[in-house]
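Protein sequence lines, in the order shown, are assigned to chains A and B. If you count by the working numbering, then the first sequence holds residues 25 to 139, one letter each, in order. If you count by the working numbering, then the second sequence holds residues 2 to 351, one letter each, in order.
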Amino acid sequence: MTGTSIDGAAFEELQQTAGAEFVTELVDTFLTEAPLMLAELRSALADGNSDRFRRAAHSLKSNSNTFGATALGAMARELELTAADRVAAGDTHALDALAEEYGRVAAALKELSRA
Amino acid sequence: MREGGSGGARLLIVDDNKVNRLLLARNLELQGHSVAAAENGRIALEMLHGERFDLVLLDMEMPEMNGFEMLERMVGDLQLRDLPVIVTSSLEDTASVVRCIELGAEDYLPKPVNPVLLRARINASLEKKRLRDQQKAMMRRFATPEVAQDLQRSGFALGGKRIRASVMFSDIRGFTPLAESQPPEETIELLNTYYTLMFDAIGGHGGIVSQMAGDGLMAIFGAPLPLPDHCEAAVRAALEMIDLIRLFNAEQAAAGKPKIRIGIGIASGEMVAGYTGTNERATYTCIGDTVNLASRLEAHTKVAARAILIDGATRAELRDGVASESLGPIDIRGKTHPVDVFALATPPQD
Chain A
25 MTGTSIDGAA FEELQQTAGA EFVTELVDTF LTEAPLMLAE LRSALADGNS DRFRRAAHSL
85 KSNSNTFGAT ALGAMARELE LTAADRVAAG DTHALDALAE EYGRVAAALK ELSRA
Chain B
2 MREGGSGGAR LLIVDDNKVN RLLLARNLEL QGHSVAAAEN GRIALEMLHG ERFDLVLLDM
62 EMPEMNGFEM LERMVGDLQL RDLPVIVTSS LEDTASVVRC IELGAEDYLP KPVNPVLLRA
122 RINASLEKKR LRDQQKAMMR RFATPEVAQD LQRSGFALGG KRIRASVMFS DIRGFTPLAE
182 SQPPEETIEL LNTYYTLMFD AIGGHGGIVS QMAGDGLMAI FGAPLPLPDH CEAAVRAALE
242 MIDLIRLFNA EQAAAGKPKI RIGIGIASGE MVAGYTGTNE RATYTCIGDT VNLASRLEAH
302 TKVAARAILI DGATRAELRD GVASESLGPI DIRGKTHPVD VFALATPPQD
C-alpha cells in the first residue's frame with residue numbers, strides 16, 4: 025500500500041489522461057529532478073538566497089501536486105510562502121522533514137507507477 | 002493558416018521545470034497540437050523570432066527571464082504582441098494573476114493544469130487569434146499599409162491630431178450615364194482598373210487613399226506619416242493620374258469601350274487627421290477647411306473645364322517646372338471669401 029503520501033485518485037486520473045506508460049517516465053523524471061530541488065533548497069538556505077529558495081520550493085510544490093503528493097506539496101507551499109523568514113532564520117529542520125516526506129513519496133510513486 | 006478550432010496548432014511551452022514541460026507537452030500532443038519547449042523567457046523569445054507559433058503557454062517563475070519580463074517584452078514587440086499567451090502557473094497571489102492579464106496574457110490556468118480546461122482555453126484562444134488574423138488580413142486589404150501599421154503600432158483610438166498636409170479629391174466625369182450605358186459587370190471592371198491606376202499614382206508619390214465612394218476618392222499626402230514635400234507630391238501624383246487615364250483611354254478606345262475623364266482638386270494646409278466613426282467601424286481620414294476646399298475645387302473642375310485645380314497654398318509650395326495658370330479669385334461654395342485658384346496645364350485626357 026502507498027499510505028497517505030499519494031492521493032491515489034489524483035494519481036489514477038493523471039494516468040488516465042496522460043497514459044500509464046507516459047506517467048512511468050514522468051515519475052522517473054521527477055525522481056531525478058526532485059533531489060536536485062531538495063539540494064537547491066539546502067544550498068539556497070546556506071547562501072541566504074531567499075529568491076532561489078522560494079523558486080525551488082515553488083517547483084517542488086508544483087510537481088508534488090501533479091502526482092497527488094498532497095502532503096509534500098503542502099510542505100513545499102509552506103516553504104515557498106515563508107521563504108524569506110526561513111532563509112533569515114537558517115532553519116534546516118523543515119528541510120529535514122521535507123526530505124523525509126519526499127522519501128515516502130518516492131517509494132510510493134515507484135510502487136504505483138510500476139503496478 | 003495552420004491552426005483550427007479542433008487542434009493542429011503549433012504551440013510553445015515555456016517552463017523551467019522539466020516535469021511540467023513533459024506533462025504539458027504530452028497533454029497538448031494528445032490534443033493534436035505540435036509542441037516545442039523552452040526553459041526560460043530568453044530562450045523562448047529567441048524561438049519565437051525564429052519560427053511561427055500560434056500560441057504560448059507560459060510559466061511565471063523562471064530563472065534568467067521570468068514570465069512577467071517575457072510578457073513585457075512581447076507587448077513591446079510588434080511581431081509578437083498579438084500572439085496569444087496562456088499563463089500556466091501555481092502563483093499564489095491574485096495580484097500576480099491580475100498583472101499577467103494586464104500585461105496581455107489571454108488567460109490563466111492554475112497548475113496542476115486540468116487537461117479538459119486546457120483544451121477549452123486553448124481552443125478559445127486559437128479561435129480568437131484566427132479572428133484577429135482575419136481582421137488583420139481584412140485591414141490590409143481595405144486600409145493602406147501605412148494606416149494598418151499606424152493602427153498596429155498605436156492601437157485604435159478615435160480622435161485626431163493637427164497636421165499639415167495636402168488633400169486630393171478625384172472623380173470620374175459623367176460617371177452615371179456611363180454606368181447606365183453598359184452592363185454592371187463592365188462598370189465594375191472599369192472601376193477596378195481605374196482604382197488600380199489611381200492607387201498606383203497616389204501611393205507612388207507617398208499619398209494614401211483614405212476614402213473611396215463610387216467613382217470618387219479622397220487621398221491624403223502627409224498623414225499618417227509626415228511628407229516634407231506634400232504639395233509637390235500631390236501635384237505630381239495628380240499629373241500622373243491624368244497621364245494614366247490618357248493611356249487607359251487609348252486602350253479602351255482600341256477595345257471599342259467607353260473612355261473616361263477625371264477631375265482632381267487639391268488643397269493644402271492644416272487639418273485634423275485621425276480615426277473617425279464608431280469603435281465598431283471607423284476610417285482614417287482628415288477633416289477641416291482644407292479638406293472641404295479640396296472637395297469644392299474638384300467639383301469646380303466641371304465649371305472651369307479643367308482637369309486639375311489647386312489652391313494658392315499648394316501653388317506656393319511648388320518647385321519650378323509645374324506650369325499653372327491663375328484663374329483668379331473665385332467664389333467657392335461654402336467659402337465666405339473668394340479663393341485663389343490655379344489650373345495645372347495638362348494634356349487632353351482623350
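Quick reminder that beta carbons are idealized off the backbone N, C-alpha and C, glycines included.
Since R27 of chain B meets chain A, which of its residues come closer than 7 Å, beta carbon to beta carbon? A42, F46, listed in chain order.
Compile a chain-ordered list of the residues in the region 10-23 of chain B whose CB is closer than 8 Å to at least one CB of chain A. Of all residues in the region 10-23 of chain B, D17, N18, K19, V20, N21, L23 have a Cβ within less than 8 Å of some Cβ in chain A.
Let's see if you can read the secondary structure: which residues bound the beta strand (DSSP E) around T89 of chain B? 86-90 is the extent of the beta strand (DSSP E) around T89 of chain B.
Could you give the DSSP three-state label for L110 of chain B: helix, strand or coil? Correct three-state label for L110 of chain B: strand.
Can you list, in chain order, the residues of the region 81-107 of chain B whose Cβ is nearer than 7 Å to any Cβ on chain A? From the region 81-107 of chain B, only S91, E93 have a Cβ closer than 7 Å to chain A.
Can you name the start and end residues of the alpha helix (DSSP H) that P185 of chain B belongs to? Segment 185-205, the alpha helix (DSSP H) holding P185 of chain B.
Mind checking whether L59 of chain B and T89 of chain B have CB atoms under 8 Å apart? The Cβ-Cβ distance between L59 of chain B and T89 of chain B falls below 8 Å.
At a CB-CB cut-off below 7 Å, which residues of chain A make contact with E62 of chain B? For a Cβ distance threshold of 7 Å, residue set R79, H82 of chain A lies close to E62 of chain B, ordered along the chain.
Within this structure, are the beta carbons of S171 of chain B and M199 of chain B separated by less than 8 Å? Yes, they are a contact pair.
Kindly say whether K85 of chain A, judged by its beta-carbon, lies nearer than 8 Å to any beta-carbon of chain B. Chain B, which has a Cβ nearer than 8 Å to the Cβ of K85 of chain A, makes this yes.
Would you kindly work out how many angstroms separate the C-alpha atoms of E102 of chain A and T286 of chain B, rounded to a whole number? When rounded, the separation of the alpha-carbon atoms in E102 of chain A and T286 of chain B is 59 Å.
Exposure of I30 of chain A, with buried meaning 16 or more beta-carbon neighbours within 10 Å: A residue is called buried once 16 or more other Cβ atoms fall within 10 Å of its Cβ, and I30 of chain A is buried on that count.
Short of 7 Å in beta carbon distance, which residues of its chain neighbour D293 of chain B, apart from the five on each side in sequence? Order them along the chain. According to the sequence displayed, residue 293 of chain B carries Asn and not Asp. Within its own chain, the residues whose Cβ lies closer than 7 Å to the Cβ of N293 of chain B, once the five positions on either side in sequence are excluded, are G335, listed in chain order.
How should I102 of chain B be labelled, buried or exposed, when 16 other C-beta atoms within 10 angstroms of its C-beta is the threshold for buried? Of the other Cβ atoms in all chains shown, fewer than 16 fall within 10 Å of the Cβ of I102 of chain B; this residue is therefore exposed.
For the putative contact between A123 of chain A and L62 of chain A, defined by C-beta atoms under 8 Å, what is the C-beta separation to the nearest angstrom? Yes, A123 of chain A and L62 of chain A are in contact; Cβ-Cβ is about 6 Å, under 8 Å.
If you pair each beta-carbon of the region 29-44 of chain B with each one of the region 69-80 of chain A, do three or more pairs fall below 8 Å? No, the region 29-44 of chain B does not touch the region 69-80 of chain A.
In this structure, what does DSSP give as the bridge partners for S171 of chain B? The secondary-structure analysis by DSSP pairs S171 of chain B across a beta bridge with B:L218, B:I265.
Straight-line CA distance for L167 of chain A to D120 of chain A? What the structure shows of chain A is the stretch from 25 to 139, and residue 167 of chain A is not part of that stretch, so it cannot be assessed.
Exposure of A268 of chain B, with buried meaning 16 or more beta-carbon neighbours within 10 Å: A268 of chain B is buried by the Cβ-count criterion.
From A180 of chain B to A214 of chain B, what distance separates their C-alpha atoms? Cα-Cα distance, rounded: 14 Å.
Select from A:L133, A:R110, A:D52 the residue whose C-alpha is nearest the C-alpha of F77 of chain A. Closest by alpha carbon: A:R110.
Would you mind stating whether E326 of chain B and F343 of chain B have Cβ atoms separated by less than 8 Å? Going by C-beta atoms, E326 of chain B is nearer than 8 Å to F343 of chain B.
What does K162 of chain B touch in chain A if you count any residue whose Cβ is under 9 Å from its own? For K162 of chain B, there are no C-beta contacts with chain A under 9 Å, since the nearest C-beta of that chain is about 45 Å from it.
Going along chain B, which residues have a C-beta under 7 Å from V53 of chain A? Going by the sequence as given, residue 53 of chain A is Thr instead of Val. Simply K19, V20, L23.
Sheet register partners of Q212 of chain B (DSSP bridge): Its beta-bridge partners are B:M219.
Would a C-beta distance cut-off of 8 Å place G42 of chain B and V76 of chain B closer than the cut-off? Taking the C-beta atoms as reference points, V76 of chain B is found no nearer than 8 Å to G42 of chain B.
Starting from E326 of chain B, follow its DSSP beta bridges and name the residues at the other end. Partner(s): B:A344.
Using CA coordinates, which residue listed in B:K112, B:M61, B:D230 is at the minimum distance from K85 of chain A? Residue B:K112 is the option with its Cα nearest to K85 of chain A.
Excluding the five sequence neighbours on either side, which residues of its own chain have a C-beta within less than 7 Å of the C-beta of A202 of chain B, listed in chain order? Listed in chain order, the non-local C-beta contacts of A202 of chain B below 7 Å within the same chain comprise A238, E241, M242, L245, local neighbours out to five positions each way being set aside.
Cβ closer than 9 Å: which chain B residues qualify as neighbours of N89 of chain A? Ordered by position in chain B, the residues that pass the 9 Å Cβ test against N89 of chain A are S91, K112, P113.
Looking at the secondary structure, which residues open and close the beta strand (DSSP E) in which D312 of chain B lies? Per DSSP, D312 of chain B belongs to the beta strand (DSSP E) from 309-312.
With distance defined between alpha-carbon atoms, name the residue in A:F35, A:G43, A:L55, A:A44 nearest to K19 of chain B. Here the closest residue by C-alpha is A:L55.
Would you identify the three-state DSSP class for K19 of chain B, choosing helix, strand or coil? When DSSP states are grouped into helix, strand and coil, K19 of chain B belongs to the helix group.
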